[in-house]
Amino acid sequence: MSMKQSILIVGTVAYSTFAGALPQIILKRFRLIGAVAETFSIPLSACPAAFSVRVVRSKEADNGIRVFDSNGNLVGVSKAAGSKVI
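Using my numbering, you'd call the opening residue of the sequence shown number 52 and step up by one each time.
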């Protein structure tokens with residue numbers, strides 16, 4: 052694992068931890084209840100999840116992914132496929 056990817060993963064874990072606690076902090080601070088509280092927490096949970104996937108899978112977007120034919124033989128590496136996977 053490269054140093055760049057290690058730093059990105061550590062940053063993602065720290066960010067996700069903070070972002071996961073943020074909805075609870077906001078809900079308690081502003082005393083939101085009921086449907087507003089439930090609706091508000093969904094986008095705040097989805098954003099860190101999407102960010103985490105992008106960061107953890109950045110290696111595939113940068114370097115590409117290995118492409119195999121139907122027999123399992125390596126055809127090559129595709130950066131376009133790596134970007135589409137993410």
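C-beta atoms are modelled at their ideal positions from N, C-alpha and C, and glycine is treated no differently.
To the nearest angstrom, report how far apart LYS110 and GLN56 are at their CA atoms.
For LYS110 and GLN56, the distance between alpha carbons rounds to 7 Å.
Note the first and the last residue of the continuous alpha helix (DSSP H) segment covering PHE69.
Counting along the chain, the alpha helix (DSSP H) containing PHE69 begins and ends at 54-80.
Can you tell me which of THR63, LYS130, LEU59 and LEU125 puts its alpha carbon nearest to the alpha carbon of ALA112?
Of THR63, LYS130, LEU59 and LEU125, the residue nearest in Cα terms is LYS130.
Through-space distance from LEU95 to LYS79, alpha-carbon basis
When the Cα atoms are used, LYS79 and LEU95 turn out to be separated by approximately 15 Å.
Could you give the residue range of the alpha helix (DSSP H) that holds SER109?
It spans 109-114 - the alpha helix (DSSP H) in which SER109 sits, taken as one unbroken run.
Sorted by chain position, which residues of the same chain lie with C-beta nearer than 7 Å to GLY127's C-beta, five sequence neighbours on each side aside?
VAL118, listed in sequence order.
Can you tell me where the beta strand (DSSP E) with SER121 in it begins and where it stops?
Segment: none, SER121 is in no beta strand (DSSP E) and carries neither H nor E.
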